[in-house]
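What the sequence shown shows, in mature numbering (1 follows the signal peptide of the UniProt record, and there is no 0), is residues -34 to -1, 1 to 622, in sequence order. Below is one structure, written out as structure tokens; comments come after it.
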Amino acid sequence: MKTHDNRVLFSKALLKAATCLFLTAGAGMSPVFALPGTAESMKMEITQQTVTVSGVVKDKKGEPIIGANIMEKGTTNGTITDFDGKYTLKVKSAQSVLTISYIGYKTQEIPVGNGGKKDITMQDDSELMDEVVVIGYGTQRKGDVTSAVASVKAEDFTAGKIGDAAELIKGKVAGLTIAKGSGDPNAESTIRLRGVISLQGGSTPLVLVDGIEGGLGTVSPENIASIDVLKDASAAAIYGTRGANGVILITTKNGQRESRTAAKYSGYMSLSKFGKTLDFYGAEEIRQGLTNYADKGYDTDWLDAVSRTAFTHNHNFNISGGSKNTTYSADFTYRKEEGVLLETYNEEMRMRFDVSHWMLNDMLKVNFNMVKTFHKNGPIDAAGLGIYRQAIMRNPTEPIWNEDGTFYENFAVNYYYNPVGIIREQDGKYNSENTRMTGNITFEPIKNWQTNLMLSRRVTSDHNRGYYTSEYFSQKSENHTGYAYHSQNEYTTDNLEVTSKYNHTWNKHRFDALVGYNYQYNVNEGFGANNYDYPTDFYLWNNLGLGTALKDGKAGMSSYKNDNTLIGFFGRVSYGYDNKYNVLLSVRREGSSKFGENNKWATFPSVSLGWTISNEKFMEGLTWLNNLKLRAGYGVTGVIVGDSYNSLTRYEYGSP
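Next comes the structure, spelled out in structure tokens:
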């Protein structure tokens, strides 16, 4: 009878276990089998193997983070947060650890324990980077910086409608002026750092994107992690002749190791129009004799005739992730911005791909990065043609069109043209492309000693063509019948850079050293042709030879090609003691083919000192003072003035 009771008990236990296993499988968990025993022991065995954890991932402001990676550490089991920042994940056991990561934030690890609700607040990666700033060919602790260096992280960027990367730090860096000279969407930001430095050379700072020289238009603002500005000569001297106007260092976002693939979309739309216009006299005031303008009998709002409410839309899509040894990131941006003046617009597409792979226990890292940009302008150069000026000075009693449908003009007045005619009687296509490919091989045979080889090629090309009809003011006033032009240009830069750096910290001492070599080769070439006096406007720029000016020897045609080389050897050492006293020394020896034989090379040294007074013992009682630092620096930079071959004797063909 006892045996019978044991069998009944065992059968009940199996029935309960089977039921529990069925429910577990139905819920999507992995069933776990246990040895025969009591129902209670088998149930405990099963529940110990799976734990459900859920919660919300937010930033420090309490906003939900969409698409954050939630991974069970050491496995491929994971999920991502939804549009409300919520997540739910079933893990193997209470001993499991969750890894939470997202681009721009610190990666966090939390133990699962008994599961349940676990809300997570992500910390900005900029807080981690706050103690590190990017300087020439490397980074430095913020507390060790002895030069004028400003660092702006992504969380501090200017929000809203952004035309280019420069506008992200507008008003964020002392001494840095960023402005646009007109409302034309194709107008680039003018950047001045501490005023005009050179009378003959350019005044724009050197811009480096991930260490590669390039324009601000080649990088999507959404992909930028930080922008660092080297403002004085002691900081920029390591760039030699390229650093006289300061240096802007842009660091982009990339994938993170051991993170799940995450996709992110961001975009915005905006409308623009003249916020406030000047109060001009209209046709009624002229008819009252308030001005000496002649009354032509019409009532024309010229500014309204050439303007509109402009629409802008921007879309960015990013996908990134990584495994233990590989990270990847791909990005696509499309943007079209209309100008408030008719036929002005800026349309561009940017594509970026980055992949890195570590091998040999992280001793060797290989990276490849490619950026491709397509840019198209509207056919109107509103600023250069003075359309706004013509509109506000135009007689409001004059008509836009003559009775025969042609544009009304009054050539008796100098520099007085119909602004609507300027817009409507020309056409053109202005396209440009930018391709940048970069490869890096980084070798770290021992800890803290790192050598990097970088190869890059940047190719920028533009293709411009345009046509002015017979009714265009310049053609009509000169009795010409149409003008067409066509041009193409290509600019190629090849760059080779080798750097080796070492750092060592012991007791209260910190030492860093860097040596490097840089080789840059530039080739520029292009051609252009123009012709005028066409029998018809039908062909536009597609049949240049049809114009009769070519037969009369008055058409234009030209081409060019030039190259130049820049070579530099550089080094830097820095030393810090007890987070109080710092010194940095750097030197660059640079040569350019643009200079003559006797002046091809120059040396650019720098030295800077820093004393963090607030870390001294005698300052400990001043709780209201967080940081007080005294800096002093000296540096030499240079400017290359002129084009290639200016140092050579040249002869003009056809000269006696």
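Ideal placement from N, C-alpha and C gives every residue a C-beta, glycine not left out.
Is DSSP giving E437 helix, strand or coil here?
The residue labelled residue 437 in the question sits at position 471 within the sequence shown. Coil at E437, not helix or strand.
When the Cα atoms are used, what is the spatial distance from E11 to K583?
Here residue 11 is taken as the residue at index 45 of the sequence shown, counted from 1. Here residue 583 is taken as the residue at index 617 of the sequence shown, counted from 1. For E11, the pLDDT reaches just 41, beneath the cut-off of 50, and the residue's location in the model is therefore unreliable, although a value from the coordinates is still provided. Cα to Cα, E11 sits roughly 60 Å from K583.
Do three or more CB pairs link the region 302 to 309 to the region 241 to 259 at distances below 8 Å?
In short, these stretches do not touch, since the Cβ pair count stays below three.
State the start and end residues of the unbroken beta strand (DSSP E) segment that holds Y396.
Taking the sequence shown and counting its residues from 1, the one referred to as residue 396 is at position 430. Where Y396 is concerned, the enclosing beta strand (DSSP E) stretches over 392 to 412.
With DSSP as the reference, identify every bridge partner of Y103, one or two as the case may be.
Counted from its first residue, the sequence shown places residue 103 at position 137. According to DSSP, Y103 bridges with nothing at all.
CA-to-CA distance, A153 to D347, given in whole angstroms:
On the sequence shown, residue 347 is found 381 positions in, with the first residue counted as 1. On the sequence shown, residue 153 is found 187 positions in, with the first residue counted as 1. Spanning the two alpha carbons is a distance of roughly 9 Å.
Which partner residues does T218 have in the DSSP bridge list?
In the sequence shown, the residue the question calls residue 218 occupies position 252. For T218, which the question treats as bridged, DSSP gives the partners I190.
For N469, which beta-bridge partners are listed by DSSP?
For the purposes of this step, residue 469 is taken as residue 503 along the sequence shown, with counting starting at 1. In the DSSP secondary-structure assignment, N469 is bridged to D478.
Output the distance between the C-alpha atoms of residue 653 and R554, rounded to the nearest integer angstrom.
Nothing can be reported for residue 653, as the shown portion of the chain is limited to -34 through 622.
Evaluate the contact criterion for the region 434 to 448 versus the region 347 to 359: three or more CB pairs, one atom per stretch, below 8 Å.
Contact between the region 434 to 448 and the region 347 to 359 is absent, because fewer than three Cβ pairs lie under 8 Å.
What span of residues does the beta strand (DSSP E) with R316 cover, start to end?
What you label residue 316 is simply residue 350 of the sequence shown in a count that begins at 1. Unbroken beta strand (DSSP E) run through R316: 311 to 325.
Would you tell me roughly how many angstroms separate the C-alpha atoms of Q254 and A260, rounded to the nearest one?
As a position in the sequence shown, residue 254 is number 288, starting the count at 1. As a position in the sequence shown, residue 260 is number 294, starting the count at 1. Between the alpha carbons of Q254 and A260 lies a gap of roughly 11 Å.
Just the Cα atoms here: how many angstroms apart are T477 and V539?
The sequence position of residue 477 within the sequence shown is 511, counting from 1. The sequence position of residue 539 within the sequence shown is 573, counting from 1. Reading off the sequence shown, one finds Phe at residue 477, where the question assumed Thr. The alpha-carbon atoms of F477 and V539 are separated by roughly 7 Å.
Report buried or exposed for W590, applying the criterion of at least 16 other Cβ atoms within 10 angstroms of its Cβ.
The residue labelled residue 590 in the question sits at position 624 within the sequence shown. Residue environment: W590 is assigned as exposed (fewer than 16 neighbouring CB atoms within 10 Å of its CB, all protein chains considered).
Residues near Q74 by beta carbon distance below 6 Å, same chain, minus five either side
Here residue 74 refers to the residue found at position 108 when the sequence shown is read from its first residue. So the qualifying residues of the chain are I66.
Which same chain residues, not among the five before or five after M403, have their C-beta less than 6 Å away from its C-beta?
If you number the sequence shown from 1, residue 403 lands on position 437. Counting only Cβ-Cβ distances below 6 Å, and skipping sequence neighbours, we find M336, R423.
Inspect the beta-carbon positions of L480 and Y68 and report whether they are closer than 9 Å.
To locate residue 480, count along the sequence shown from 1; it is residue 514. To locate residue 68, count along the sequence shown from 1; it is residue 102. Not closer than 9 Å, so no.
Rounding to the nearest angstrom, what Cα-Cα distance links M88 and G537 in this structure?
As a first step, residue 88 must be located in the sequence shown, where it is residue number 122. As a first step, residue 537 must be located in the sequence shown, where it is residue number 571. Looking at the backbone, the Cα of M88 and that of G537 are separated by about 38 Å.
Take the Cβ of N418 as the centre, count every other Cβ of all protein chains shown within 10 Å, and call the residue buried at 16 or more, exposed below.
Within the sequence shown, the letter at position 452 stands for residue 418. When all chains shown are included, N418 counts as buried.
If you drop the 5 nearest sequence neighbours on each side, which residues of the same chain put their C-beta closer than 6 Å to that of R316?
On the sequence shown, residue 316 is found 350 positions in, with the first residue counted as 1. Only S186, T299, T339 meet the Cβ criterion.
Rounded to whole angstroms, what is the Cα-Cα separation between W367 and E456?
Locating residue 367 in the sequence shown gives position 401, where the first residue counts as 1. Locating residue 456 in the sequence shown gives position 490, where the first residue counts as 1. Rounded to the nearest angstrom, the two C-alpha atoms are 41 Å apart.
Flag this pair as yes or no: are the beta carbons of Y434 and N528 separated by less than 9 Å?
Counting from 1 along the sequence shown, the entry for residue 434 is found at position 468. Counting from 1 along the sequence shown, the entry for residue 528 is found at position 562. Not a contact, by the Cβ cut-off of 9 Å.
Are at least three pairs of beta-carbons, each pair with one atom in the region 186 to 195 and one in the region 215 to 232, less than 8 Å apart?
Segments in contact, yes.
Can you tell me where the alpha helix (DSSP H) holding M329 begins and where it ends?
Taking the sequence shown and counting its residues from 1, the one referred to as residue 329 is at position 363. In the DSSP assignment, M329 falls outside any alpha helix (DSSP H), carrying neither H nor E.
Pick from G221, R274, L351, M329: whose alpha carbon is nearest that of I285?
The sequence position of residue 285 within the sequence shown is 319, counting from 1. Looking at the Cα atoms, G221 is the closest of the given residues.
Endpoints, the alpha helix (DSSP H) within which W577 is located:
On the sequence shown, position 611 is the one that residue 577 refers to. DSSP places W577 in no alpha helix (DSSP H) but in the uninterrupted beta strand (DSSP E) bounded by 567 to 578.
Hey, how far is the Cα of K197 from the Cα of L142?
In the sequence shown, counting from the first residue as 1, residue 197 sits at position 231. In the sequence shown, counting from the first residue as 1, residue 142 sits at position 176. In a straight line, the C-alpha of K197 is about 9 Å away from that of L142.
Rounded to the nearest angstrom, what separates T124 and S440 at their Cα positions?
Here residue 124 refers to the residue found at position 158 of the sequence shown. Here residue 440 refers to the residue found at position 474 of the sequence shown. The straight-line gap from Cα to Cα measures roughly 42 Å.
From this set, D265, K262, S236, which residue's C-alpha is nearest H279's C-alpha?
Within the sequence shown, the letter at position 313 stands for residue 279. Of the residues D265, K262, S236, the one whose Cα lies closest to the Cα of H279 is S236.
Taking only the alpha-carbon atoms, compute the straight-line gap between G387 and Y374 and give it to the nearest angstrom.
Stepping through the sequence shown from its first residue, residue 387 is reached at position 421. Stepping through the sequence shown from its first residue, residue 374 is reached at position 408. Answer to the nearest angstrom: the Cα atoms are 8 Å apart.
Inspect the CB distances between the region 562 to 577 and the region 595 to 602 and report whether three or more fall short of 8 Å.
Flag = yes, the region 562 to 577 and the region 595 to 602 touch.
Chain-order list of residues whose beta-carbon lies under 7 Å from that of H(-31) (same chain, five-residue window excluded):
Here residue -31 refers to the residue found at position 4 of the sequence shown. Legend: pLDDT at H(-31) = 42, less than 50; position of this residue unreliable, no value from coordinates given.
When N343, T310, S466, T603 are compared against T275, the one with the closest alpha-carbon
Walking along the sequence shown from the start, residue 275 turns up at place 309. For the residues N343, T310, S466, T603, the minimum Cα distance to T275 belongs to T310.
By Cβ distance, which residues of its chain are closer than 6 Å to S295, with the 5 residues on each side in sequence left out?
Looking up residue 295 in the sequence shown gives position 329. Hits under 6 Å: N220, G221, S286, D320.
Could you tell me whether the region 48 to 61 touches the region 16 to 27, where touching means 3 or more Cβ pairs closer than 8 Å?
Counting Cβ pairs under 8 Å, three or more are found: they touch.
Measuring straight from C-alpha to C-alpha, what distance separates L94 and Y438?
Counting from one through the sequence shown, the residue named residue 94 turns up at place 128. Counting from one through the sequence shown, the residue named residue 438 turns up at place 472. Any answer about L94 is weak, because its pLDDT of 46 lies below 50 and its placement is not dependable; what the coordinates show is given next. Cα to Cα, L94 sits roughly 59 Å from Y438.
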